[in-house]
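Enquirer: Quick one: the structure is below, and I'll ask about it shortly.
Number of protein chains: 2
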Amino acid sequence: MRVSKFFMPVLRDAPREAEIVSHRLMLRAGMIRQSGAGIYSWLPTGLRVLDNISRIVREEQDRAGAIELLMPTLQSADLWRESGRYDAYGAEMLRITDRHKREMLYGPTNEELITQIFRDGAHSYRDVPRTLYHIQWKFRDEIRPRFGVMRGREFLMKDAYSFDLTPEDAKKSFNRQFVAYLRTFERMGLTAIPMQAETGPIGGDLSYEFIILAKTGESEVFCHRDLLDLKAPENVDYDSDLEPLMAPWLEKYAATEDVHDAARFADEVPQDRQVSARGIEVGQVFLFGTKYSDPMKCQVQGRDGKLVTLHSGSYGIGVSRLVGAIIEASHDERGIVWPASVAPFKVGLVNLKAGDSATDKACESLYEQLDNAGLSVLYDDTGERAGAKFKTMDLIGLPWQVIVGPRGVKAGLVELKNRASGETTEIGIDEVVNRLVATQTG
Amino acid sequence: MRVSKFFMPVLRDAPREAEIVSHRLMLRAGMIRQSGAGIYSWLPTGLRVLDNISRIVREEQDRAGAIELLMPTLQSADLWRESGRYDAYGAEMLRITDRHKREMLYGPTNEELITQIFRDGAHSYRDVPRTLYHIQWKFRDEIRPRFGVMRGREFLMKDAYSFDLTPEDAKKSFNRQFVAYLRTFERMGLTAIPMQAETGPIGGDLSYEFIILAKTGESEVFCHRDLLDLKAPENVDYDSDLEPLMAPWLEKYAATEDVHDAARFADEVPQDRQVSARGIEVGQVFLFGTKYSDPMKCQVQGRDGKLVTLHSGSYGIGVSRLVGAIIEASHDERGIVWPASVAPFKVGLVNLKAGDSATDKACESLYEQLDNAGLSVLYDDTGERAGAKFKTMDLIGLPWQVIVGPRGVKAGLVELKNRASGETTEIGIDEVVNRLVATQTG
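Have a look at this one:
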């Protein structure tokens with residue numbers, strides 16, 4: 012993409028309304044614009060990150076055997092009356108009346124709707140187990156939306172729902188999502204720790220929140236420091252017993268403030284390994300059994316011909332919130348530092364003297380070569396002065412910058428800068444593509 | 012994907028509520044389920060088609076130089092008051108009030124919001140021309156939603172918006188979308204004819220609807236038969252003058268009933284080339300100049316330092332409607348006949364004797380080979396009887412079926428069936444992959 016044909020309205024100054032660093036940087040980098048209280052438009056750079064995060068979530072869901080579908084944003088109030096949640100949900104549910112005076116709502120979550128769909132489509136024990144997921148916009152009418160996309164009202168969520176014959180099978184489906192979450196967040200460069208949590212309005216008696224540590228986190232969390240160093244399992248066989256893979260996370264103390272047990276914490280965790288910090292929730296998993304399938308009669312015929320009520324769980328990932336969370340975890344005083352896997356472009360190509368024919372020619376050639384090698388490039392081909400170009404590149408945080416000027420071109424050299432470390436090296440213009448292909452990790 | 016682990020609840024009988032063939036087939040094939048009046052959930056097979064259509068739309072938009080972003084589903088009423096459309100839009104606009112009594116709406120289209128975004132982000136003549144697009148869910152509170160996804164209330168639309176300094180430049184942006192549309196629809200196997208149309212609530216004085224002919228079309232259309240045989244331009248240079256490429260479509264008579272001129276039609280089109288038929292609108296393009304940028308003050312600084320009010324157009328494609336429209340154009344008495352480019356899977360692999368170890372082994376091997384060759388496969392590995400499997404495969408309409416039975420396996424042969432022609436041929440089990448790779452057109 013050429014900057015001269017792109018739409019990335021960067022701001023020189025931090026907007027006053029932004030209280031936390033991710034919100035400030037997303038506005039300054041031209042990733043989002045507020046379209047209403049807690050409602051954002053995703054400008055091209057922001058959308059590219061959002062799409063990269065969705066892609067990673069999708070790949071790991073698919074790997075874990077979950078099947079993608081797509082439920083609508085609006086749901087009927089009657090459906091929520093079947094579960095008894097319509098009146099219980101409170102003011103965060105956005106209630107809507109259509110031209111025929113039918114009551115609807117903008118879905119804040121989808122347990123009822125997926126249970127209805129599965130009930131109508133599954134009839135026999137052969138139709139389970141299944142885990143279905145979608146990535147769709149949700150709405151929660153927060154009384155005080157803030158922190159940009161971290162606590163917006165219209166937000167993008169991946170929510171999965173599992174259906175099983177028995178509680179034991181349901182636990183296996185739960186485990187598959189648990190392990191998929193470990194992998195998903197690690198691929199985004201995050202250290203997300205599963206912590207016991209309250210189940211809230213979703214219900215059930217087993218729930219973990221996946222939490223990343225950040226100063227701007229909304230809640231206080233407590234855990235064993237060893238949890239920060241664990242590596243997510245690779246090459247997972249999702250048909251195998253996953254509990255041994257999960258054990259390292261479950262053996263050590265980790266809890267959100269809602270369920271924190273100070274005595275147990277002091278008892279189980281040596282003082283020098285105690286972490287008490289602020290945390291950002293990026294996902295939550297629930298095992299709630301028959302909470303929805305009971306009232307909604309979600310049943311299939313068992314092997315013995317008798318009807319069996321299905322056991323379920325639900326599994327959320329805050330896709331749009333993750334964009335903010337990743338920035339909270341990865342930035343410096345100059346701007347965002349994107350992990351390669353989610354960066355809007357892998358490489359920023361800076362032409363230091365647009366209009367100089369040798370420099371233009373070298374840049375065009377690099378742009379084409381990098382593109383052919385499958386590396387996404389943002390090419391700053393504008394007439395802006397060099398200082399402003401450097402500032403913008405640091406602000407938007409692409410993993411690599413390739414800086415091309417007339418003197419270097421004459422000598423066959425360009426500057427390669429690693430955004431995270433700040434290191435710059437002069438390398439031969441012919442080596443750039445191979446060097447960058449070799450560093451590809453995302 | 013294995014049928015034994017998938018979620019594709021096919022129905023043996025046509026549901027009574029479905030009036031047209033695409034709606035009946037989408038329900039029977041387990042592609043969608045109604046979740047409310049004019050509101051549908053997209054089950055896995057349906058979502059795969061929807062995603063394929065979105066992908067083609069996106070590729071052709073990107074090629075034409077349009078830039079993707081994503082605006083939210085909900086918009087503020089105040090924004091629509093800036094253009095004067097809030098009160099004018101009528102009962103089709105779904106109006107919403109939040110917990111703080113703020114008036115909002117579920118966007119039926121996005122001229123106001125994109126004009127606000129562009130106004131805030133663009134400042135100079137160097138920031139134009141730009142065409143921005145998004146693919147997002149919209150809502151129109153139709154008084155009588157029907158025909159399934161063809162006339163739903165919550166629907167997926169691609170809408171693009173162009174911003175230019177002069178009316179002449181705006182026409183060039185309009186032409187780029189026009190040509191992109193010709194290519195987009197052709198890649199989906201459709202013959203879509205641009206026809207002069209009324210501009211309606213979007214406004215402006217130049218508009219074309221892109222129409223495909225189908226018995227179940229909602230409106231009457233009139234055109235020269237030659238238009239049915241035109242081929243979309245290939246290898247388009249979008250920076251060149253596109254009018255010569257568009258001329259074959261614009262030289263011949265084509266109009267929707269709203270603007271039809273019977274005298275001109277009789278005069279310009281020889282009687283044996285006159286087509287009068289029903290049509291389905293799959294896209295519409297509008298050139299409306301300063302209709303929104305005037306009241307909303309969307310201006311940039313021109314080369315001479317003076318403020319210039321920008322000239323715009325908007326360009327819609329009904330992405331979810333296209334799923335139904337393609338089926339209307341491509342089906343037979345046994346079910347859907349997908350064009351390869353949008354098919355949910357390219358190949359259906361039918362195991363005629365699941366449980367027979369030689370047949371299972373042959374199928375598993377083919378499944379893996381086809382997958383490795385990049386061909387998406389739906390593998391029916393269930394214990395259903397052969398007749399039911401054939402019926403389902405014909406119903407869901409994958410371009411190719413590979414039928415594997417114990418006798419064939421012994422002789423090293425499988426049956427290859429082309430869904431569109433119905434032709435079946437026996438070929439060597441080792442030839443299957445190469446043969447199918449060679450037929451790849453999508």
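Chains A and B, in that order, give the protein sequences.
Last residue of the first sequence? That's 453 in the numbering used here, and every number before it is there in order.
Last residue of the second sequence? That's 453 in the numbering used here, and every number before it is there in order.
For every residue, glycine included, the Cβ atom is placed at its ideal position computed from N, Cα and C.
Just so we're clear, the structure is a prediction, and the values are computed from it rather than from any experiment.
Please work out which residues of its chain come closer than 8 Å, Cβ to Cβ, to arginine 275 of chain B, disregarding the five sequence neighbours upstream and downstream, and give them in chain order.
Expert: Counting only Cβ-Cβ distances below 8 Å, and skipping sequence neighbours, we find Tyr264.
Enquirer: Going along chain A in order, which residues have a C-beta closer than 7 Å to the C-beta of tyrosine 51 of chain B?
Expert: Within 7 Å Cβ-Cβ: Pro83.
Enquirer: How close, in whole Å, do the beta carbons of glutamine 295 of chain A and glutamate 220 of chain A come, if the pair is a contact with beta carbons under 8 Å?
Expert: Right, their Cβ atoms sit about 5 Å apart.
Enquirer: Between B:Gly366, B:Gly346, B:Asn362, which has its C-alpha nearest methionine 42 of chain B's C-alpha?
Expert: Among B:Gly366, B:Gly346, B:Asn362, the Cα nearest to that of methionine 42 of chain B belongs to B:Gly346.
Enquirer: If distances are taken between C-alpha atoms only, which option among A:Lys149, A:Arg92, A:Ser87, A:Pro20 comes closest to glycine 327 of chain A?
Expert: Among A:Lys149, A:Arg92, A:Ser87, A:Pro20, the Cα nearest to that of glycine 327 of chain A belongs to A:Lys149.
Enquirer: Would you call the region 285-304 of chain B in contact with the region 78-89 of chain B, where contact means no fewer than 3 C-beta pairs closer than 8 Å?
Expert: Result no; under three Cβ-Cβ pairs closer than 8 Å.
Enquirer: From the DSSP output, in three-state form, read off glutamine 207 of chain B for me.
Expert: Strand, per DSSP.
Enquirer: Measure the Cβ-Cβ separation of glutamine 451 of chain A and arginine 430 of chain A and say whether it is below 8 Å.
Expert: In this structure, arginine 430 of chain A does not lie closer than 8 Å to glutamine 451 of chain A by Cβ.
Enquirer: Specify, as a first and last residue, the run of the beta strand (DSSP E) that methionine 257 of chain A falls within.
Expert: Run containing methionine 257 of chain A: none in the beta strand (DSSP E); it sits in the alpha helix (DSSP H), 254-261.
Enquirer: Express the C-alpha separation of isoleucine 107 of chain A and glycine 118 of chain B in angstroms, rounding to a whole number.
Expert: So the alpha carbons of these two residues sit roughly 14 Å apart.
Enquirer: For the region 287-352 of chain B, list the alpha helix (DSSP H) runs that are entirely contained and at least 4 residues long, ordered along the chain.
Expert: Whole alpha helix (DSSP H) segments, 4+ residues: 304-307, 330-340.
Enquirer: Kindly indicate which residue of A:Met104, A:Val21, A:Gln312, A:Ala77 has the alpha-carbon position closest to the one of leucine 85 of chain A.
Expert: It is A:Met104.
Enquirer: Is the region 208-225 of chain A touching the region 353-365 of chain A in the sense that three or more CB pairs, one from each, lie closer than 8 Å?
Expert: With a cut-off of 8 Å, the region 208-225 of chain A and the region 353-365 of chain A do not count as touching, because too few Cβ pairs lie within range.
Enquirer: Are the region 258-272 of chain B and the region 310-324 of chain B touching, with three or more C-beta to C-beta distances below 8 Å?
Expert: No, the region 258-272 of chain B is not in contact with the region 310-324 of chain B.
Enquirer: The alpha helix (DSSP H) with histidine 134 of chain A in it runs from where to where?
Expert: It is not in any alpha helix (DSSP H) - histidine 134 of chain A carries neither H nor E in the DSSP assignment.
Enquirer: Residues of chain A with a CB under 8 Å from the CB of tryptophan 148 of chain B: which are they?
Expert: Simply Pro83, Thr84, Trp148.
Enquirer: Do you know offhand how far leucine 239 of chain B's Cα is from glutamate 245 of chain B's?
Expert: Spanning the two alpha carbons is a distance of roughly 17 Å.
Enquirer: How many Å lie between glutamate 268 of chain B and glutamate 28 of chain B at the Cα?
Expert: Near 28 Å, if we compare the C-alpha coordinates of glutamate 28 of chain B and glutamate 268 of chain B.
Enquirer: With DSSP run on the structure shown, which of helix, strand or coil describes valine 358 of chain A?
Expert: In the structure shown, valine 358 of chain A sits in a strand (DSSP, three-state: E or B).
Enquirer: Need the endpoints of the beta strand (DSSP E) that valine 413 of chain B sits in, please.
Expert: Its beta strand (DSSP E) spans residues 411-415.
Enquirer: Which residue's Cα is closest to the Cα of arginine 35 of chain B: B:Ala48, B:Gly211, B:Val21?
Expert: Taking only the C-alpha atoms, the option nearest arginine 35 of chain B is B:Val21.
Enquirer: Please classify phenylalanine 150 of chain B: does DSSP put it in a helix, a strand, or coil?
Expert: In this structure, phenylalanine 150 of chain B counts as strand in the three-state DSSP scheme.
Enquirer: For proline 255 of chain A, return the contacting residues in chain B, with the cut-off set at a CB-CB distance below 9 Å.
Expert: Neighbours of proline 255 of chain A on chain B: none; closest Cβ ~24 Å, over 9 Å.
Enquirer: Does the CB of lysine 504 of chain A have a neighbour CB from chain B at under 8 Å?
Expert: Chain A is shown from 12 up to 453; residue 504 of chain A falls before or after that span and cannot be answered.
Enquirer: Taking only beta-carbon atoms, is isoleucine 128 of chain A less than 8 Å away from chain B?
Expert: Answer yes: the Cβ-Cβ gap between isoleucine 128 of chain A and chain B drops below 8 Å somewhere.
Enquirer: Can you pull the chain A neighbours of phenylalanine 17 of chain B, defined as C-beta to C-beta under 7 Å?
Expert: Here the neighbours are Ile78.
Enquirer: Could you have a look at isoleucine 31 of chain A and say whether DSSP puts it in helix, strand or coil?
Expert: Isoleucine 31 of chain A falls in the coil class under three-state DSSP.
Enquirer: Could you pull the start and end residues of the beta strand (DSSP E) that aspartate 180 of chain B belongs to?
Expert: Premise fails: aspartate 180 of chain B lies in the alpha helix (DSSP H), 178-198, not in any beta strand (DSSP E).
Enquirer: Between aspartate 252 of chain A and chain B, is the shortest Cβ-Cβ distance under 8 Å, so that the two count as touching?
Expert: So, not an interface residue.
Enquirer: If I measure Cβ to Cβ from valine 448 of chain B and keep anything under 6 Å in the same chain, skipping five residues before and after, which residues do I get?
Expert: Hits under 6 Å: Ala384.
Enquirer: Assuming contact is defined by CB atoms lying nearer than 8 Å, are alanine 133 of chain A and phenylalanine 174 of chain A in contact in what I supplied?
Expert: Cβ distance < 8 Å, so alanine 133 of chain A and phenylalanine 174 of chain A count as in contact.
Enquirer: Verify whether the separation of the beta carbon atoms of tyrosine 390 of chain A and valine 68 of chain A is less than 8 Å.
Expert: Not in contact: tyrosine 390 of chain A and valine 68 of chain A (Cβ atoms no closer than 8 Å).
Enquirer: Does any C-beta atom of chain A lie closer than 8 Å to the C-beta of arginine 141 of chain B?
Expert: Yes, because at least one Cβ of chain A sits closer than 8 Å to the Cβ of arginine 141 of chain B.
Enquirer: Can you confirm whether glutamate 395 of chain A, when its beta carbon is compared against all beta carbons of chain B, has any partner nearer than 8 Å?
Expert: Cβ-Cβ to chain B under 8 Å: no for glutamate 395 of chain A.
Enquirer: Quick one: which chain A residues come within Cβ less than 9 Å of isoleucine 64 of chain B?
Expert: Within chain A, no residue comes near isoleucine 64 of chain B; the closest Cβ sits about 13 Å away, beyond 9 Å.
Enquirer: Please give the ranges of any beta strand (DSSP E) in the region 78-137 of chain B, keeping only runs that are unbroken, at least 3 residues long and fully inside the region.
Expert: You should have 85-87, 105-108, 114-117.
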